[in-house]
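Asks:
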Amino acid sequence: MVGAGSAVEREGGEDRAVSAPSAPWAGLRSLPIIALGLLVASCLVASCDGTNPPDCLPPLPPEALTAQTANAATSAGAVQLFVDGSGSMAGYLTNRSTSAYRDVLNLLPGSLRNAATAVKVRRFAAVVERPQDLSDRFAADILQPDFYRTSNNGNTHLHDVLREAATQPDVTSIIVTDLVLSARELQPGDAGPLRKALSDILHAGSTIALVGVESSFSGRLYDLATVATPVPFSDGNRPFYLLLIGPDARVRSLYGTLRAEVLDGLPPGSHHLAVYANRLAPKGDWGRSVELSGGAAEARLLGRSVTGEVTQIRIGRDRGGVEVMLKAPDDSQAWLSGQVLVPDPHRTRVHSKVYFHTGDGQSCEAGWSTDDDKPNLVRPIEGKADRLTFKLFDDAPVSYGFRPRTTYALDAVATVPILRSVLDDTHWVRRWSYDAAQEENLLQLIRDRENERNAHRNDRRARTQPGGQSAEQTYRIYPLMFPTLNLASLSDLMIRVIREKHEEERVHAFRLVFTVD
Numbered sequence: 016m017v018g019a020g021s022a023v024e025r026e027g028g029e030d031r032a033v034s035a036p037s038a039p040w041a042g043l044r045s046l047p048i049i050a051l052g053l054l055v056a057s058c059l060v061a062s063c064d065g066t067n068p069p070d071c072l073p074p075l076p077p078e079a080l081t082a083q084t085a086n087a088a089t090s091a092g093a094v095q096l097f098v099d100g101s102g103s104m105a106g107y108l109t110n111r112s113t114s115a116y117r118d119v120l121n122l123l124p125g126s127l128r129n130a131a132t133a134v135k136v137r138r139f140a141a142v143v144e145r146p147q148d149l150s151d152r153f154a155a156d157i158l159q160p161d162f163y164r165t166s167n168n169g170n171t172h173l174h175d176v177l178r179e180a181a182t183q184p185d186v187t188s189i190i191v192t193d194l195v196l197s198a199r200e201l202q203p204g205d206a207g208p209l210r211k212a213l214s215d216i217l218h219a220g221s222t223i224a225l226v227g228v229e230s231s232f233s234g235r236l237y238d239l240a241t242v243a244t245p246v247p248f249s250d251g252n253r254p255f256y257l258l259l260i261g262p263d264a265r266v267r268s269l270y271g272t273l274r275a276e277v278l279d280g281l282p283p284g285s286h287h288l289a290v291y292a293n294r295l296a297p298k299g300d301w302g303r304s305v306e307l308s309g310g311a312a313e314a315r316l317l318g319r320s321v322t323g324e325v326t327q328i329r330i331g332r333d334r335g336g337v338e339v340m341l342k343a344p345d346d347s348q349a350w351l352s353g354q355v356l357v358p359d360p361h362r363t364r365v366h367s368k369v370y371f372h373t374g375d376g377q378s379c380e381a382g383w384s385t386d387d388d389k390p391n392l393v394r395p396i397e398g399k400a401d402r403l404t405f406k407l408f409d410d411a412p413v414s415y416g417f418r419p420r421t422t423y424a425l426d427a428v429a430t431v432p433i434l435r436s437v438l439d440d441t442h443w444v445r446r447w448s449y450d451a452a453q454e455e456n457l458l459q460l461i462r463d464r465e466n467e468r469n470a471h472r473n474d475r476r477a478r479t480q481p482g483g484q485s486a487e488q489t490y491r492i493y494p495l496m497f498p499t500l501n502l503a504s505l506s507d508l509m510i511r512v513i514r515e516k517h518e519e520e521r522v523h524a525f526r527l528v529f530t531v532d
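If you read the sequence shown in my numbering, its first letter stands for residue 16, the second for the next number, and so on.
#1: Let me check understanding here. Comparing Cα to Cα, which of W383, H517, V437 lies closest to T373?
#2: Can you tell which of P498, P360, E519, T244 has its C-alpha closest to the C-alpha of G227?
#3: Go ahead and label N469 buried or exposed: buried means 16 or more other beta carbons lie within 10 angstroms of its beta carbon, across all protein chains shown.
#4: Using only the alpha-carbon positions, how far apart do R435 and E397 sit?
#5: Tell me, please, which residues DSSP counts as bridged to A155.
#6: Determine the direct distance from the alpha carbon of M496 to that of A349, and round the result to whole angstroms.
#7: Contact check, F162 vs G102 under 8 Å by CB: the rounded distance?
#8: Of the choices R138, A133, F139, V98, whose alpha-carbon is the least far from that of V119?
#9: Helix, strand or coil for K389, going by three-state DSSP, please let me know.
#10: Taking the beta carbon of S268 as the centre, do at least 16 other beta carbons fall within 10 Å, making it buried, or is it exposed?
#11: Note the first and the last residue of the continuous alpha helix (DSSP H) segment covering Q183.
#12: Which of the three DSSP states, helix, strand or coil, is assigned to T441?
#13: On the DSSP bridge list, what partners appear for H366?
#14: A427 and V365: beta carbons closer than 8 Å?
#15: For N252, which residues in the same chain have their Cβ closer than 8 Å to its Cβ, ignoring the five residues on either side in sequence?
#16: Could you name each continuous beta strand (DSSP E) segment of 3 residues or more that falls completely within the stretch 319-378, going from the start of the chain to the end?
#17: For R420, which of A314, E200, T113 has the nearest alpha-carbon?
#18: Got a sec? Which residues, its chain only, sit under 6 Å from I223 by beta carbon, not counting five neighbours each side?
#19: Determine whether the beta carbon atoms of P69 and G318 lie at a separation below 8 Å.
#20: Please state if the CB of V191 and the CB of V325 are separated by a distance shorter than 8 Å.
#21: In three-state DSSP terms, what is V143?
#22: What separation, rounded to the nearest whole angstrom, lies between the Cα atoms of V305 and I433?
#23: Can P390 and L403 be called in contact, C-beta distance under 8 Å?
#24: Check whether chain C comes within 8 Å of N501, counting only Cβ atoms and requiring the distance to be less than that.
#25: Thinking C-beta only, is V277 closer than 8 Å to L149?
#26: Among G302, A311, V339, G331, which one has its Cα closest to the Cα of D345?
#27: In three-state terms, what does DSSP make of H537?
#28: Cβ atoms of R152 and E144: under 8 Å apart, would you say?
#29: Within the present structure, is the beta-carbon of H172 separated from the nearest heavy atom of the ligand SAM by less than 7 Å?
#30: For the candidate residues D156, D175, S90, L108, whose alpha-carbon lies nearest to that of A133?
#31: Short of 7 Å in beta carbon distance, which residues of its chain neighbour T241, apart from the five on each side in sequence? Order them along the chain.
#32: Where do the ends of the beta strand (DSSP E) carrying G416 lie?
#33: For A411 and R511, which I take to be in contact (beta-carbon distance under 8 Å), what is that distance rounded to the nearest angstrom?
#34: Between the alpha carbons of R265 and I189, how many angstroms are there, rounded?
#35: Taking only three categories from DSSP, how would you classify I513?
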């Protein structure tokens, strides 16, 4: 360790500590070092080629201006709750084991009262009943199997409910259903009633958030693709769904309340989110991080009077890489992770505008001049719902014609003409879905399961187990979750509807100040 009164000299290829000079004039030896230090310090606030660093930045072009992000809705506003009253829903309440459906509907009315300014409720099956105020009586009725015994038990006309939601775009709708759809609703082509209702909602700019919840079930399966009559299904699992529909900010607020007060109390992995939005989520509050490589380093290139967070870097002529990542805040992760459509980085367009500072002109701003167009300076390399990443300088910086020791300002604007679906085979929407070609195998699993249980019940031989328990007491039927018919087709339909009207959208902009050595 070198003490405060020592200096380090290099001799014979080794460092050795020597005493500081004691003669009065020995301190003069330090003057060149002090002068060099002052020169280095001055280069931090002024260019070493004799020009002062700019005390301003060029005005942002109109396309780079960050629009003010609307404040997130503090409530869901007025809410209307639609509860599917068809017979297929009764099985969530007739089983004797714990039911996620019962737990959710037990908490849902109180949570809606907390989240909304007013709540109307409506039961629906083959028809949509008239609205009424949310009452304690209704909150108790939806927990009883009798609520789900309507005149037409098996039919659910979801398109009628969606049409009601479309006629009230300023009201947030929440639909509780098992998504058992009639054959007419699934009619392909533009003539299907479901497509028309979804188009009216999504083309108007509203958002649909689909929340899937796995629950225990003992009841009947209606509206199957290959069987005309209901099929018994006991002691199994079956998903139900909450569809949240309305203005994006209000739907997002309502989901946040339901997640905190209702969904987070369910077993982990039992509920999932898929968000279908005609526009990407607002990104005005996204944070920015910069990763430097290949010798690129932070540097002070602007005068100290320049305020605000502006990334300033120094890049070598022959090498130096920069990656800029724009990332959503942590409290948005749950919502953004459910986005079904995200920016396609391979189709994202980035327009960059470069300025260099000349120091000429009567004002600081007049000293900035637009540089020649430099294509391919910024390239998107990652596009997700919660982040966008861009790479600068794919080639050596000198190949772009930058002048050495000149201060540059770069404005980059990213627009998204194409949205990419994240619904691959591992996505929960596809895992919880089946089609008509798969139905026979599923029904055979149910039959095998029921036959196994009936055979066990008919076996009256008293086989005693350790501890005095009988085989009847220890028998457990293996778990089986019956998925939702054509859930993936419904999801694909919403994606097609969104893409029909999607227009190129500016998703973000950023600014960078740099110099090339």
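For every residue, glycine included, the Cβ atom is placed at its ideal position computed from N, Cα and C.
Replies: Let's see:
#1: W383
#2: P498
#3: exposed
#4: 12 Å
#5: Paired residue(s): none; A155 is not in a bridge.
#6: 25 Å
#7: 11 Å between Cβ atoms; not a contact.
#8: V98
#9: coil
#10: buried
#11: No alpha helix (DSSP H) holds Q183; DSSP gives it neither H nor E.
#12: coil
#13: V428
#14: yes
#15: E229, S230, S231, F232, P494, L495, M496, F497
#16: 326-330, 336-342, 356-358, 364-372
#17: A314
#18: I260, Y291
#19: yes
#20: no
#21: strand
#22: 26 Å
#23: no
#24: Among the chains of the structure shown, chain C does not appear; only one protein chain is present.
#25: no
#26: G302
#27: Only positions 16 to 532 of the chain appear in the structure, and residue 537 is not among them; the question remains open.
#28: no
#29: With respect to small molecules bound, the structure shown includes none, and the ligand SAM cannot be examined in it.
#30: S90
#31: A451, E454, E455
#32: From DSSP, G416 is part of no beta strand (DSSP E); its letter is neither H nor E.
#33: Rounded, the Cβ-Cβ distance is 44 Å, inconsistent with contact.
#34: 12 Å
#35: helix
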